[in-house]
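Working notes, beginning with the structure itself.
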Amino acid sequence: MTTTLTEITHLPTLALLVCCEYLAIFKKTVAMHEVFLCRVAAHPILRKDLNFHVFLEYNQDLSVRGKNKKEKLEDFFKNMVKSADGVIVSGVKDVDDFFEHERTFLVEYHNRVKDASAKSDKMTRSHKNVADDYNRIGSSLYALGTQDSTDICKFFLKVSELFDKTRKIEARVSADEDLKLSDLLKYYLRESQAAKDLLYRRSRSLVDYENANKALDKARAKNKDVLQAETTQQICCQKFEKISESAKQELIDFKTRRVAAFRKNLVELAELELKHAKGEEFDDKHLPER
0 MTTTLTEITH
10 LPTLALLVCC
20 EYLAIFKKTV
30 AMHEVFLCRV
40 AAHPILRKDL
50 NFHVFLEYNQ
60 DLSVRGKNKK
70 EKLEDFFKNM
80 VKSADGVIVS
90 GVKDVDDFFE
100 HERTFLVEYH
110 NRVKDASAKS
120 DKMTRSHKNV
130 ADDYNRIGSS
140 LYALGTQDST
150 DICKFFLKVS
160 ELFDKTRKIE
170 ARVSADEDLK
180 LSDLLKYYLR
190 ESQAAKDLLY
200 RRSRSLVDYE
210 NANKALDKAR
220 AKNKDVLQAE
230 TTQQICCQKF
240 EKISESAKQE
250 LIDFKTRRVA
260 AFRKNLVELA
270 ELELKHAKGE
280 EFDDKHLPER
């Protein structure tokens, strides 16, 4: 009977934990969607996309489905082809020092962000585990404190309140680190991969342009299919110049956006950490005395 009463007593606490967990996930989802939608809205081409406007103006529930087996298989083969082609493209020396520097930087940056993201997730999980441990200890002390009305039981109740306050702080620290740091690193891990893919497409276009030049030289030497070779060479040249121009602007914007986002989130995280530290300091001053 005692166990049952204890469980009933702690039902509001469990409901509060579930509610806090849901609110943290909801807050995180809203923040990431806001970043993504602002990014699309600021893009010179994507902001004009019809599907984007339909999404913004649609006022009913959206049905979302995952990829089916056929689509997953197609992605698998595309990645295989891309990996094999990437080996060929990676050996091409870029004619533009800007893009050569960006390619070297992005490879190193992507690896560093990937490592930082894994460590950030580990730190966030550690804080969450500490909060869960505080909750279990506080619940056990509360159960002991409700057994009798002696001084020791009153002391247990006071300590359980302290553990509950500390648990809330640790849970907030975990949620804030997840939102302000872990999500930021995950987002720019994908962004850096997208930037690497952009440079791959440009390198692929450069290889096609160089191959078209070689084919044109051979056609002129043999005096055969010269007009067709010239047309192909002009198309490849225009494509390469166009993707080079847009890629350069994209990479410049990526740097500006990246620096601003990291500065904003790290400042906000530091302010939240100071706020939580002051909360813990306040709780330490109010430790119960026997």
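Numbering that gives the first Met the number 0 puts the sequence shown at residues 0 to 289. For each residue, glycine too, the CB sits at the ideal point set by N, CA and C. Computed from a prediction, not measured in an experiment: that's the story for all the values here.
Could you pull out every unbroken beta strand (DSSP E) segment of at least 3 residues lying fully inside the stretch 200 to 228, listed in chain order? Complete beta strand (DSSP E) runs here, min 3: none at all.
Which of the three DSSP states, helix, strand or coil, is assigned to Asn50? The answer is helix: DSSP assigns Asn50 an H, G or I state.
Mapping DSSP to helix, strand and coil, what is Ala276? Helix at Ala276.
Between the beta-carbon of Tyr199 and the beta-carbon of Cys235, is there less than 8 Å? If you check the CB distance, Tyr199 and Cys235 do not come in under 8 Å.
Span of the alpha helix (DSSP H) around Ser173: Looking at the DSSP string, the run of the alpha helix (DSSP H) that includes Ser173 is 150 to 176.
Could you pull the start and end residues of the alpha helix (DSSP H) that Leu45 belongs to? Element bounds for Leu45: n/a, residue is neither H nor E.
Under the three-state DSSP convention, the category Asp93 falls into: Under the three-state reduction of DSSP, Asp93 is assigned to coil, being neither helix nor strand.
Could you tell me the distance, in whole angstroms, from the CA atom of Arg124 to the CA atom of Ser173? Using only the alpha carbons, I get a separation of about 7 Å.
For Asn67, does the three-state DSSP call read helix, strand or coil? Here Asn67 sits in coil by DSSP.
Spatial distance of Glu107 from Phe162 (CA atoms): Roughly 43 Å between the two C-alpha positions.
Tell me, to the nearest whole angstrom, how far the beta carbon of Leu183 is from that of Val158; I am working on the premise that it is less than 8 Å. About 37 Å separates the beta carbon of Leu183 from that of Val158, a gap too long to meet the 8 Å contact definition.
Given this structure, state the Cα-to-Cα distance separating Val225 from Lys241, to the nearest angstrom. Cα-Cα distance, rounded: 24 Å.
Comparing alpha-carbon positions, which option in Tyr57, Ser119, Gly65, Lys68 lies nearest Leu268? Closest option to Leu268, Cα to Cα, is Ser119.
Quick check on this structure: which residue in Glu176, Leu265, Lys164, Leu36 has the alpha carbon closest to the alpha carbon of Tyr133? If we check each option's Cα against that of Tyr133, Lys164 comes out closest.
Other residues of its chain near His109: CB distance less than 8 Å, five sequence neighbours each side excluded: Excluding sequence neighbours, His109 sits near Leu188, Ser191, Gln192, Lys195.
If you drop the 5 nearest sequence neighbours on each side, which residues of the same chain put their C-beta closer than 6 Å to that of Arg102? Same-chain partners within the cutoff: Leu198.
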